[in-house]
Amino acid sequence: QYPFDVEAVRDDFPILDRKVGGDPETPGQGEGDDTPLVYLDNAATSHTPDPVVDTIADYYRGYNANVHRGIHQLSQEASVAYEEAHDTVADFVGAAGREEIVFTKNATEAMNLVAYAWGLEELGPGDNVVLTEMEHHSSLVTWQQIGKRTGADVRFVEVTDEGRLDMDHAAALIDDDTEMVSVVHVSNALGTINPIRELADLAHDRDALIFADGAQSVPNRPVDVADLDVDFLAFSSHKMCGPTGIGALYGREALLDSMQPYLYGGDMIRRVSFEDSTWEDLPWKFEAGTPSIAQGIGFAAAIDYLDEIGMDRIESHESLLAEYAHDELSALGGVEIYGPPGDDRGGLVAFNVEGVHAHDLSSILNDYGVAIRAGDHCTQPLHDELGISASARASFYVYNTVSEIDALVEAVGEARDLFA
Ligand code: PMP
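When the letters of the sequence shown are read in order and numbered with my numbering, they come out as residues 8 to 427.
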């Protein structure tokens with residue numbers, strides 16, 4: 008029934024076999040762990056398969072060295088692998104080449120890079136930046152603060168009762184003074200899949216740029232920057248089977264070329280005198296200092312891993328799980344689910360159980376070994392709009408199964424009954 012062999016995939020993730028319930032003071036298989044783990048917190052971070060762990064270990068064991076500068080063999084090997092990792096990421100999202108892929112710490116840093124390097128230079132009083140009410144804090148807070156510093160107005164496209172963007176409102180907000188439209192591709196709170204191409208057309212018709220937050224789309228579905236016609240795209244490796252500490256910014260080459268560096272220092276310069284400096288070629292101009300080498304190489308290994316499964320199949324798998332979870336949780340009764348219908352959402356479901364605070368729910372689910380997230384999911388203003396302070400969120404990935412969703416639904420039912 009699955010689009011690929013999920014059991015074979017699970018074999019690559021030994022962490023899925025561990026038990027939980029012991030003392031968290033002893034991380035990793037602790038004393039007293041006896042409950043099977045059901046990991047449904049993938050939108051926060053995904054797990055790392057053996058081939059990726061092995062790639063990172065091979066780097067440290069076999070060719071650990073600083074990149075770019077060295078003439079010696081190890082440095083050359085590390086440089087080739089690190090630089091080629093940019094090609095792998097570029098291919099994965101349909102970028103023209105490594106010039107268009109800057110490695111950052113995470114998606115958040117990619118957004119800050121553009122907000123600082125482009126926004127502080129280009130924005131001023133009279134200009135506006137258009138966001139949506141469902142933005143993650145990583146873009147919302149960033150543009151809000153850049154707006155304060157530059158005098159630019161920051162506007163928010165409203166979300167409909169069904170959890171979709173009000174596109175008429177978007178068309179009204181994007182005007183001749185709009186310089187940037189920054190939109191989350193798939194909402195990490197509502198699961199909404201936003202019409203990025205349509206928004207890109209609206210932005211470009213007004214000579215504005217569009218930035219897509221791909222943190223919840225690039226890991227889960229095929230994403231092609233040319234098809235979406237976006238100017239910038241941000242995403243994080245740790246949500247797509249890769250290590251933490253690395254993410255990527257895609258930017259159109261001409262734009263990145265025209266932007267000033269965001270961080271200064273070693274590795275990003277070509278020539279330095281006491282008076283002035285010139286910059287390295289793209290993308291190195293934006294990668295100051297020693298980069299996250301092992302993480303970059305691990306990121307590329309994660310992409311190879313996902314490519315092997317196939318992004319189309321991953322998208323189908325997650326749709327199947329999201330729809331099933333949505334339907335089963337709805338059928339329980341006493342559960343309010345946020346966002347669009349089950350058959351039209353990314354691989355996550357945020358919800359509340361009547362009379363049970365999301366944190367209590369998450370804590371009870373933890374007793375059943377079911378790992379979900381509870382809180383505002385870095386979307387406080389959206390939660391304010393929904394009239395709630397927190398929600399519970401289950402999010403799915405390549406290794407999740409229907410029976411794990413059954414375990415979730417059963418535990419949610421028990422929690423509901425406990426508080427009834
Ligand atoms: N945007 C969205 C939609 C997200 O879900 C997240 C991660 N929760 C981010 C941005 C930020 O990602 P990171 O924390 O890796 O920078």
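C-beta atoms are modelled at their ideal positions from N, C-alpha and C, and glycine is treated no differently.
With DSSP run on the structure shown, which of helix, strand or coil describes residue i?
i    : result
Y66  : helix
F20  : coil
G303 : helix
E165 : coil
G382 : strand
T115 : helix
T52  : coil
P388 : helix
R25  : coil
S194 : coil
G258 : strand
D413 : helix
V109 : strand
I200 : strand
D160 : strand
Q80  : helix
S224 : coil
D436 : There is no way to answer for residue 436, as the model of the chain reaches only from 8 to 427.
T95  : helix
P298 : coil
A103 : coil
H75  : coil
T251 : coil
L235 : helix
L270 : coil
F281 : coil
L130 : coil
P58  : helix
I316 : helix
V405 : coil
A88  : helix
Y123 : helix
D40  : coil
Which residues in the same chain have their Cβ closer than 6 Å to the Cβ of residue i, if we skip the five residues on either side of it in sequence?
i    : result
A357 : A196, Y345, S398 and R400
F99  : I310
V74  : A85, S86, Y89 and I300
A428 : The chain is shown only over 8 to 427; residue 428 falls outside these bounds and no answer can be derived.
L263 : L289
L368 : V360, A399 and A422
E91  : none
R162 : N135, V137 and L180
Let me make sure I understand the geometry here. Which of the options has the alpha-carbon closest to that of residue i?
i    : options                   : result
E129 : I321, T157 and E32        : T157
Q152 : T167, V136, S244 and G353 : V136
L147 : M174, L127, A124 and M118 : M118
A374 : G394, A418 and N359       : Note on residue identity: the sequence assigns Asp, not Ala, to residue 374. If we check each option's Cα against that of D374, A418 comes out closest.
S194 : A15, I379, E140 and E106  : E140
Y404 : H143, D57, C385 and L47   : L47
L127 : T55, E392, E325 and Q267  : Q267
R352 : G198, F306 and W286       : G198
E343 : E315, V121 and G394       : G394
R171 : G382, E186, P347 and A261 : P347
L209 : G221, V188 and N201       : V188
P442 : L120, E205 and P226       : Residue 442 falls outside the range modelled here, since the chain spans only 8 to 427, and no answer is possible.
A51  : S145, A64, R380 and E116  : R380
D283 : G272, F293 and W291       : G272
S402 : G354, D319 and P21        : G354
H245 : E260, V409, A222 and G296 : A222
V60  : D19, A261 and N49         : D19
Q461 : V164, H143, H366 and A15  : Any answer about residue 461 is impossible in this case: the structure gives the chain only from 8 up to 427.
E205 : A261, A177, S224 and D391 : A177
On the DSSP bridge assignment, give the partners of residue i in chain order.
i    : result
N359 : E343
D350 : Note: D350 sits in no beta bridge, so no partner.
M187 : V136 and L216
K155 : Note: K155 sits in no beta bridge, so no partner.
V45  : V377
L240 : A219 and Y257
W286 : I276
R400 : A357 and R380
L172 : V166
Enumerate in chain order the residues of its own chain whose CB-to-CB distance from residue i is below 8 Å, with the five nearest sequence positions on each side excluded.
i    : result
G376 : K26, V27, G28, T42, P43, L44, V45 and A414
K112 : G252, I253, G254 and S299
E421 : I371 and Y375
Q437 : Residue 437 is absent from the model: the chain starts at 8 and stops at 427.
Quick one: residues in its chain with C-beta nearer than 7 Å to the C-beta of residue i, no 5 flanking neighbours on either side, listed in chain order?
i    : result
L313 : M247, C248 and I321
Y257 : V100, A102, E107, I108, V232, F239 and L240
G341 : V360, E361 and R423
V335 : The residue you asked about is not Val; residue 335 is Glu in the sequence shown. For E335, where only same-chain residues beyond five positions count, the Cβ hits under 7 Å are I412 and V416.
A207 : I217, L235, D236 and V237
V363 : A422, R423 and F426
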